[in-house]
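Numbering (the working numbering), first residue to last: 14 to 260. Remarks on the structure that follows.
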């Protein structure tokens, strides 16, 4: 099982670049005091997730509730994964930040984003045996040149001191974009799109899937199904952002 490692030369080059060029806000590109961070104005607009939220999927509640409460969707249709957490809401304030990282080659902020995710997923990360980024199909990876989930997993693994298994879960079917699809359409779109790579054993392991956005949960549900079928003990989900509730 392959573990992603941070290249010391790249880290050194990044620090040198910060000395030569002033760090910019990850969202608006205004100068900021620290490396790969947000300016005060943007920080105030991002909705970082805090309690109360669903104890299972992490959906945000609008009113205070007791610990351990589940949202209506998890009560009606319990997900395959044990729990899901996210660092921030995916909304008008965060959309440009997330999409810039995902599609716009703005990968310099990956570690800062990972710090937020590490804070949000502290409990599940402490129990995890390994982190698994949600994989891209090879044609999507070729076009985008990087897997944003793998970049996040790399830094979260370093922060949590956990192995990152990038070659255990494979995307074996090229699927159209999930954007603008309803829940059932998303489920159908990713059905049988993932598989466990030959020669890998996840029996009895507690695993954390890493992804960028949780919308309906269709992708991480399908990944969880594959891993649990292969013998994983638990599958948890940690994303950079999520919609307020499952849609």
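Backbone N, C-alpha and C define an ideal beta-carbon position, used for all residues, glycine too.
Does residue 255 come out as helix, strand or coil in the three-state DSSP assignment?
strand
Assuming residue 250 and residue 97 are in contact, meaning their beta carbons sit under 8 angstroms apart, how far apart are those beta carbons, in whole angstroms?
4 angstroms
Could you please give the first and the last residue of the uninterrupted beta strand (DSSP E) stretch that includes residue 107?
It is not in any beta strand (DSSP E) - residue 107 carries neither H nor E in the DSSP assignment.
Can you look up residue 144 in the DSSP assignment and give me helix, strand or coil?
strand
Going by other Cβ atoms of all chains shown within 10 Å of its Cβ, with 16 needed for buried, is residue 224 buried or exposed?
buried
Reducing DSSP to helix, strand and coil, say where residue 92 ends up.
coil
Could you pull out every residue in the same chain whose Cβ sits closer than 7 angstroms to the Cβ of residue 217, ignoring the five residues on either side in sequence?
244, 246
Please classify residue 229 as buried or exposed, where buried requires at least 16 other C-beta atoms within 10 Å of its C-beta.
buried
Looking at C-alpha atoms only, which residue of 119, 59, 101, 85 is the closest neighbour of residue 69?
85
In the DSSP assignment, find the unbroken alpha helix (DSSP H) run with residue 233 in it and report its ends.
231-242
Under 8 angstroms, do residue 185 and residue 206 count as touching if we go by C-beta distance?
yes
At which residues does the beta strand (DSSP E) containing residue 223 begin and terminate?
Start and end: 219-227.
Rounding to the nearest angstrom, what Cα-Cα distance links residue 161 and residue 114 in this structure?
7 angstroms
Quick one: Cα of residue 117 to Cα of residue 125, how far?
17 angstroms
Spatial neighbours of residue 173 within its chain, please: C-beta separation below 7 angstroms, excluding the five flanking residues on both sides.
131, 138
In the DSSP assignment, the beta strand (DSSP E) including residue 63 goes from what residue to what residue?
No beta strand (DSSP E) contains residue 63, which DSSP labels as neither H nor E.
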